[in-house]
Amino acid sequence: MARLTINGTTRDVDVDPETPLLWVLREQLGMTGTKFGCGIAVCGACTVHVDGVATRSCVLPVSALTPEQAIVTIEGLSPDGSHPVQQAWLELDVPQCGYCQPGMIMAAAGLLAANPNPSDDDISAEITNICRCGTYNRVRVAIKLAAADNDATRNG
Amino acid sequence: MTRVQLSRRHFVAGSAAALGGFSLGFHVPFQAKAAADAAPAEVPEINAWVVIHPDETVVVRVARSEMGQGTLTGLAQLVAEELECDWANVTTEYPTPGQNIARDRVWGSFSTGGSRGIRDSHDYVRQGGAAAREMLIAAAAAEWDVPAAECQVEKGVISHPGSGRTTTYGKVAQAAAAVSPPAEVQLKDPKDWKIAGQPLPRLDTRDKLTGRQVYGADLVMPGMVNAAIKACPYFGGRLAGFDAQAVTGMPGVQRVIQVDDTAVAVVADTWWRAKTALDALPITWDEGPNRDLSSASIQAMLEEGLDAADAFIGAEAGDARGALAGAERTVSAVYAFPYQNHATMEPMNATAVWTPERCEVWVPTQNGESSLAVAAEAAGLPVDKCEVHKIHLGGGFGRRGNFQDYVRQAVGIAREMPGTPVKLLWTREEDMLHGNYHPTTRCKLTAALGPDGEVSALHMRISGQSILASVRPEGMVGGRDPVVFQGLVLDNPEGSFGYAVPNLLIDHAMRNPPVPPGFWRGVNLNQNAIYVECFIDELAHAAGVEPLAFRRRLMANHPQHLAVLEAAANGIGWNEPAPAGRHRGIAQIMGFGSYVAAAAEVSVTDGQLRIHRIVAATDPGHVVNPAQVERQVEGSFVYGLSAALYGECTVSGGRMEQENFDSYQVMLMDSMPEVETIIMPSGGFWGGVGEPTIAVAAPAVLNAIFAATGKRIRTLPLKNHDLA
Ligand code: FES
Ligand code: FES
Chain L
157 MARLTINGTT RDVDVDPETP LLWVLREQLG MTGTKFGCGI AVCGACTVHV
207 DGVATRSCVL PVSALTPEQA IVTIEGLSPD GSHPVQQAWL ELDVPQCGYC
257 QPGMIMAAAG LLAANPNPSD DDISAEITNI CRCGTYNRVR VAIKLAAADN
307 DATRNG
Chain U
814 MTRVQLSRRH FVAGSAAALG GFSLGFHVPF QAKAAADAAP AEVPEINAWV
864 VIHPDETVVV RVARSEMGQG TLTGLAQLVA EELECDWANV TTEYPTPGQN
914 IARDRVWGSF STGGSRGIRD SHDYVRQGGA AAREMLIAAA AAEWDVPAAE
964 CQVEKGVISH PGSGRTTTYG KVAQAAAAVS PPAEVQLKDP KDWKIAGQPL
1014 PRLDTRDKLT GRQVYGADLV MPGMVNAAIK ACPYFGGRLA GFDAQAVTGM
1064 PGVQRVIQVD DTAVAVVADT WWRAKTALDA LPITWDEGPN RDLSSASIQA
1114 MLEEGLDAAD AFIGAEAGDA RGALAGAERT VSAVYAFPYQ NHATMEPMNA
1164 TAVWTPERCE VWVPTQNGES SLAVAAEAAG LPVDKCEVHK IHLGGGFGRR
1214 GNFQDYVRQA VGIAREMPGT PVKLLWTREE DMLHGNYHPT TRCKLTAALG
1264 PDGEVSALHM RISGQSILAS VRPEGMVGGR DPVVFQGLVL DNPEGSFGYA
1314 VPNLLIDHAM RNPPVPPGFW RGVNLNQNAI YVECFIDELA HAAGVEPLAF
1364 RRRLMANHPQ HLAVLEAAAN GIGWNEPAPA GRHRGIAQIM GFGSYVAAAA
1414 EVSVTDGQLR IHRIVAATDP GHVVNPAQVE RQVEGSFVYG LSAALYGECT
1464 VSGGRMEQEN FDSYQVMLMD SMPEVETIIM PSGGFWGGVG EPTIAVAAPA
1514 VLNAIFAATG KRIRTLPLKN HDLA
């Protein structure tokens, strides 16, 4: 059993405590926006926010989380895709296959929450998600576009 | 304007009008259900490509798969262009492979690979749009009792100027569905395009920003169980045994199932529990006949081929061997390209439900018809008792086309649990160990260089693996694999060699290690471009001639090849000095029917490579969506440079050594250069977009590295070399 606060709602989940948050989201809670890519914290497809910090959920057992910690997933970043990062992504038509994009968007939103005006080097250092389709340059421009939106520090 | 006769096959209206009816007796995933609801069966299709609802929604049916390359949007643009509908009303849907077969393959091929999505179907999808337009106009004209020729249409509004009457597609669609298709239609001249040719946003972006896009890995069905699988990691090996008792009591575990003679799967209520139990399952492998296979033994096998007497000829002019034997000065070099894994971000998966009467599969696939054939075979049922539902792919790159191993496995597991939907999802480790790898080849190039830098002879000997011999033996021509010579053959619309060398021999010593090869984005153009373009650069330096001028002389007979090369070189500022500390390289090739070139600017500081900029130029003949072409060029560079910089799958003890992204490194944001794309369609042909440019990034960068360091990198990946 784990008690988790996800997208503003606290709930009890009947689950083996060692289960990674990723699989609790995807399988117990039906929130499949957060993706499985590698399972070893390398690719970033599973990125969510824990207390505002971009976190790879595939290696984070739910036993390590408390109900006081606020978990935000792509489904909760905004109710309707209106978060500045999502809006910038839409304007620049960033996704290709899209599979890595929820993780990319969460990583970008996490970066902007901590650093509202990231430099190119900041972006390169902080966004280490893998995109096999190769959307990196548009991701970079979209982060800058979202940064120009003064609402971007809003955190889900 | 082109007048075309319509082939009857593509234009006969189906008896089952709309596609909505998934009345197949199984639960369907929510997304498919939603699509079915959106297209209620009472709305008749105009023809196989077009359904128009009373609310003016235009549903364009797309047979090719969307895997990120934008083909869904591009093909819809082509249909909508001829249809003359309002683009704002356009949505898309996939017909199923079963429907295609039931309707005499009205949608043609479902295969999505070889950069063929648009170039192989533009004619009949445009005809489909044009025929639907004529039928809609005819229906309005009949209602008004005026000649159809007096009617006009714009953005889905039909008007008759003589009488001032107007109506809309949505209002006449029902009547139009009953109109006989025209015997011939006129296709627009691309210069008159308003929807096609425009940099329109993709139709499939929004759901990818909110997590709503459902991939195969995300499917949930009522009563569904989850399977995790391990197949024998040794090439040619088998499953020797496993101890199911050891895991049967573990949480959620329902079954431990042997899948054919190579794999074992654990089925549980959740995938995480299935995987956890699978990891705990004691398994023994029969390593099979290849346990001594290693990267070193494969290299030795290929090296032998470099000088072997027998080889298949791909291109020949004059007498290369004789000219080289008598040449005063020859230059020679050996290059090598390693195995690569596709590593799509979404691991392989398929969801299947089987009963003795019927089998259905939901799968991200580049070829729904291949999936259907494999599903039927694995199900032990006739094809018409099976169906495949295509789902957007989380990356394809060639892995999800010919190879439907995951479908075979999913159906195999589902057969053990009749009536229960089973979702099979691979781990990344399974994906890395069971690839259909980009084949490995080596290449020895020898050229005769004259006193003024003229190349009088060139012998290019490729030694290595054939994809077709393993994957599609029926495509072999007299024992020869023509795909090995991508970009290297003479006067071929798919990809001509761009240099005129009077004595030329390009041949292939086929050496097939027991590692399964596959089509990997760009296929053999990847390494062929590196071999040719780096070696040409070597020759230019050996001759003391600047590399662009050196190429120009060899390319006089290939103006289209030269045009893209000049454009890329101009774009990078080839004629002006590079900024301090930066160095440049160029490359060109033709492949997948398009002319492509790149110019790269790099610096190397204390052995650290930084790629600053790449300018790409491409002439694909016609361009349907320039914004998507730009994205494909950028994306292809990431894929190609990932391979050149980091990518290699190495073999040890008869299996691959890399199991995840920690050991199979790929390019990240921090090493991504700026990319500028010059799109220069010259018309008159239809070339591909998704793949060709992948091939020029690596040689342009390698040539720039030589300019920066004097080091000639001939074996990839670059990470194995010290640039300091
Ligand atoms: S799935 Fe978590 S980082 Fe890759
Ligand atoms: S958009 Fe396909 S992996 Fe990033």
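Chains as they are written, first to last, in my numbering: chain L, 157 to 312; chain U, 814 to 1537. Using N, Cα and C, we set each Cβ at its ideal position, and we do this for glycine too.
### Query
Does the separation of the CB atoms of residue 1322 of chain U and residue 1276 of chain U fall below 9 Å?
In this structure, residue 1276 of chain U lies closer than 9 Å to residue 1322 of chain U by Cβ.
### Task
Please check if any C-beta of chain U sits within less than 9 Å of the C-beta of residue 157 of chain L.
At a cut-off of 9 Å between beta-carbon atoms, residue 157 of chain L makes no contact with chain U.
### Message
Distance cutoff 9 Å, beta carbons only. Does residue 1533 of chain U sit that close to anything in chain L?
### Response
no
### Task
Measure the CB-CB distance between residue 249 of chain L and residue 1015 of chain U and report whether it falls below 9 Å.
yes
### Task
Rounded to whole angstroms, what's the CA-CA distance from residue 299 of chain L to residue 1449 of chain U? Just pull it up for me.
Going by the C-alpha atoms only, they are around 22 Å apart.
### Task
Could you tell me the distance, in whole angstroms, from the CA atom of residue 1339 of chain U to the CA atom of residue 915 of chain U?
Each residue's alpha carbon lies about 39 Å from the other.
### Task
Give a yes or no on whether 9 Å exceeds the smallest Cβ distance from residue 292 of chain L to chain U.
yes
### Message
Using a 10 Å radius around the Cβ and a threshold of 16 neighbouring Cβ atoms, would you call residue 1414 of chain U buried or exposed?
### Response
buried
### Where residue 1004 of chain U falls, given that 16 or more other Cβ within 10 Å makes a residue buried
exposed
#### Entry: Of the residues U:1310, U:1116 and U:1343, the one placed nearest residue 1128 of chain U, counting alpha carbons only
U:1310
### Query
For the putative contact between residue 1091 of chain U and residue 1043 of chain U, defined by C-beta atoms under 8 Å, what is the C-beta separation to the nearest angstrom?
Contact flag correct, Cβ pair sits at about 6 Å.
### Interface partners of residue 1159 of chain U on chain L, CB under 8 Å
191, 193, 253 and 255
### Query
residue 1553 of chain U and residue 1148 of chain U look like a contact to me (Cβ under 8 Å); what is the Cβ gap, rounded to whole Å?
One cannot answer for residue 1553 of chain U here, as it falls past the ends of chain U, which runs 814 to 1537.
### Query
Do residue 1273 of chain U and ligand 2 come close, with the Cβ less than 8 Å from some heavy atom?
no
### Task
Flag residue 191 of chain L as yes when its Cβ comes closer than 8 Å to any non-hydrogen atom of ligand 1, and as no otherwise.
yes
### Task
Given a cut-off of 9 Å, decide if residue 1252 of chain U and residue 1529 of chain U are closer than it, judged by their beta-carbon atoms.
no
### Where the region 1046–1065 of chain U meets chain L: residues whose CB sits under 7 Å from a CB there
1064
### Query
Secondary structure at residue 252 of chain L, three-state DSSP: helix, strand or coil?
coil
### Task
Determine the closest residue to residue 1121 of chain U out of U:1514, U:1320 and U:1513, with distance taken between C-alpha atoms.
U:1320
### Span of the alpha helix (DSSP H), counted from its first residue to its last, around residue 938 of chain U
935–957
### Task
Leaving aside the five residues before and after residue 1533 of chain U along the sequence, list all residues of the same chain whose C-beta is less than 6 Å from its C-beta, in chain order.
The same chain holds no residue with a CB closer than 6 Å to that of residue 1533 of chain U once the five nearest residues on each side in sequence are set aside.
### Beta-carbon gap between residue 1422 of chain U and residue 1510 of chain U smaller than 9 Å
no
### Query
Taking 8 Å as the line, does the beta carbon of residue 1368 of chain U fall inside it for any heavy atom of ligand 2?
no
### Query
Taking 8 Å as the cut-off, is the CB of residue 1261 of chain U close to at least one heavy atom of ligand 1?
Remark: the C-beta of residue 1261 of chain U is outside contact range of ligand 1, defined as less than 8 Å to any heavy atom.
### Coil, strand or helix - residue 770 of chain U by DSSP
For chain U, the structure presents residues 814 to 1537; residue 770 of chain U sits outside this window and is missing.
### Query
Ends of the alpha helix (DSSP H) at residue 1147 of chain U?
Not the alpha helix (DSSP H): residue 1147 of chain U falls in the beta strand (DSSP E), residues 1143–1150.
#### Entry: Beta-carbon proximity check, residue 195 of chain L vs residue 284 of chain L, cutoff 9 Å
no
### Query
Taking 9 Å as the CB-CB cut-off, is residue 759 of chain U touching chain L?
Coverage of chain U is limited to positions 814 through 1537, which leaves residue 759 of chain U absent and any answer about it impossible.
### Query
Mind checking whether the beta-carbon of residue 212 of chain L lies closer than 8 Å to any heavy atom of ligand 1?
With a cut-off of 8 Å, the C-beta of residue 212 of chain L is classified as near ligand 1, since at least one heavy atom of the ligand falls inside that distance.
### Query
In chain order, what are the residues with a CB under 6 Å from some non-hydrogen atom of ligand 2?
L:251, L:252, L:253, L:254, L:255, L:256, L:257, L:287, L:288, L:289, L:291, U:881, U:1158 and U:1208
### Beta-bridge pairing of residue 1407 of chain U - partner residues as DSSP gives them
U:1404
### Task
Identify the contact partners of residue 1340 of chain U in chain L, using a Cβ-Cβ distance below 8 Å as the criterion.
Neighbours of residue 1340 of chain U across chain L, judged by C-beta separation under 8 Å, do not exist; the nearest C-beta is about 19 Å away.
### Query
From the DSSP output, which residues share a beta bridge with residue 1250 of chain U?
U:1330
### Message
Can you tell me whether residue 1366 of chain U is helix, strand or coil according to DSSP?
### Response
helix
### Message
On the criterion of 16 or more Cβ atoms from any shown chain inside 10 Å, does residue 1395 of chain U qualify as buried, or is it exposed?
### Response
buried
### Query
Hey, how far is the Cα of residue 1280 of chain U from the Cα of residue 1324 of chain U?
11 Å
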